[in-house]
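The following block contains the structure:
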């Protein structure tokens, strides 16, 4: 009997000292009992790989309206938690979700309360950073809920044009949500959470506030986000300066990029011929619509004209597939995005819209820049090549 009691006591002690759940959350006021938890490594949050390691768990609330999840946290994870009540067609709506950072060896507890289309977040246990992110969510979610309602209405249209009033409501809600972001950042320049909020706020806000962030905010767990943002702002400045410089009469910047065979192509190797640089992507409908006209020009002036198609955003697989699908007969190169943003070809050339075509003369100087798919390209090319 004593041996049995001793074994039972050991089992109870082991249970009490054993690991508890990584994430626990209680949901109050919700009618839907389905919860979605999405996670991805912090290192991939802003700098996505070709196939980001994203995990999505669909969970059901228990009888006490709770979830308990054991995550395998070997590195910091960015986690998004939401109820399906605040989603439309499987997409999370603004104001209806919360974000937190899961760190190795930590537990995270939340109380989530449903309001009118927005989610109130209370971080019961966990890091100071997640307490700050909960504070941010409670400032931003009520404002962003209006944006969420507009998002839901547009999703329900299933691709049909939105009314002017709906578009105006959406734009106004985006502006107010952006103002809420900026208000939080301005008041918390010393807090790491502001680094995260900046990643959600667009380039203009990042430029306005990044240099004002305190060292304790930049040099925190979210340092990878701060470093990536700094590089992106550097690239943005290069692009802005290039947009002023890439004009008729200027020398076209030389570059080297891999072609479809994996060989290095150098722009200066075409010196002595007219060249059209065609900045495009497989996702760009107007880029593809312009291919027939460009093919006709290429065939007409072959020998005196070269075309270089520059894909700036696709994976290598998708790029090669698109080149084959559209039967692009000219030189095709890909910017693999593996360099600093200041060295990326679209930044070096100040490309702000797709498609963009740049005509270069045999001496390597820019003749004209054509932004968008618009009339006049063939005629301008013909006039230039008749010289």
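Numbering (the numbering used here), first residue to last: 1430 to 1816.
By construction, the Cβ of each residue, glycine as well, lies at the ideal position given by its N, Cα and C atoms.
Just to confirm, is the Cβ distance from residue 1793 to residue 1660 under 9 Å? Position 364 of the chain shown, counting from 1, holds the residue named residue 1793. Position 231 of the chain shown, counting from 1, holds the residue named residue 1660. Not in contact: residue 1793 and residue 1660 (Cβ atoms no closer than 9 Å).
To test your reading of the DSSP string, which unbroken alpha helix (DSSP H) runs of 4 or more residues are found completely within the region 1669 to 1725? 1714 to 1718
Please check if any C-beta of chain B sits within less than 9 Å of the C-beta of residue 1769. The chain labelled as chain B is not found in the depicted structure, where only one protein chain is given.
Does residue 1593 pass the burial test, meaning 16 or more other C-beta atoms within 10 Å, or should it be called exposed? In the chain shown, counting from the first residue as 1, residue 1593 sits at position 164. Residue 1593 comes out exposed.
Can you list, in chain order, the residues of its chain with a C-beta nearer than 6 Å to that of residue 1711? Leave out the 5 residues immediately preceding and following it. By 1-based counting over the chain shown, the position of residue 1711 is 282. Here the set comprises 1743, 1747 and 1751.
Beta-carbon spacing of residue 1464, residue 1489 below 9 Å: Taking the first residue of the chain shown as position 1, residue 1464 is located at position 35. Taking the first residue of the chain shown as position 1, residue 1489 is located at position 60. A contact, by the Cβ cut-off of 9 Å.
Are three or more beta carbon pairs between the region 1459 to 1475 and the region 1500 to 1516 nearer than 8 Å? yes
Restricting to Cα atoms, I'd like to know which of 1723, 1699 and 1700 is closest to residue 1708. In the chain shown, counting from the first residue as 1, residue 1708 sits at position 279. Checking every option, the nearest Cα to that of residue 1708 belongs to 1723.
Burial state of residue 1468, where buried means 16 or more other Cβ atoms lie within 10 Å: For the purposes of this step, residue 1468 is taken as the residue at position 39 of the chain shown. So residue 1468 ends up on the buried side.
Per DSSP, residue 1737 is paired with what? For the purposes of this step, residue 1737 is identified with residue 308 of the chain shown, where counting begins at 1. According to DSSP, residue 1737 bridges with 1706 and 1760.
Inter-residue spacing [alpha-carbon to alpha-carbon] between residue 1573 and residue 1585: Taking the first residue of the chain shown as 1, we reach residue 1573 at position 144. Taking the first residue of the chain shown as 1, we reach residue 1585 at position 156. Going from the Cα of residue 1573 to the Cα of residue 1585 covers about 19 Å.
Specify, as a first and last residue, the run of the alpha helix (DSSP H) that residue 1565 falls within. Here residue 1565 is taken as the residue at index 136 of the chain shown, counted from 1. It spans 1557 to 1585 - the alpha helix (DSSP H) in which residue 1565 sits, taken as one unbroken run.
Give the DSSP-derived three-state secondary structure of residue 1780 in the structure shown. Here the question's residue 1780 lines up with position 351 in the chain shown. DSSP places residue 1780 in coil when its eight states are reduced to three.
Less than 9 Å between the beta carbons of residue 1626 and residue 1531, yes or no? Locating residue 1626 in the chain shown gives position 197, counting from the first residue. Locating residue 1531 in the chain shown gives position 102, counting from the first residue. Not closer than 9 Å, so no.
Taking Cβ positions, are residue 1632 and residue 1654 nearer each other than 9 Å? The residue labelled residue 1632 in the question sits at position 203 within the chain shown. The residue labelled residue 1654 in the question sits at position 225 within the chain shown. At a Cβ-Cβ threshold of 9 Å, residue 1632 and residue 1654 do not count as neighbours.
Under the three-state DSSP convention, the category residue 1657 falls into: Within the chain shown, residue 1657 is the residue found at index 228, counting from 1. Looking at residue 1657 - three-state DSSP - the assignment turns out to be helix.
Among 1599, 1595, 1581 and 1621, which residue has its Cα nearest to the Cα of residue 1565? Numbered from 1 along the chain shown, position 136 holds the residue referred to as residue 1565. Closest option to residue 1565, Cα to Cα, is 1621.
Buried/exposed call for residue 1478, threshold 16 Cβ in 10 Å: Counting from one through the chain shown, the residue named residue 1478 turns up at place 49. Caution is warranted here: a pLDDT of 48 is assigned to residue 1478, below 50, making its placement in the model unreliable, and no coordinate value can be reported.
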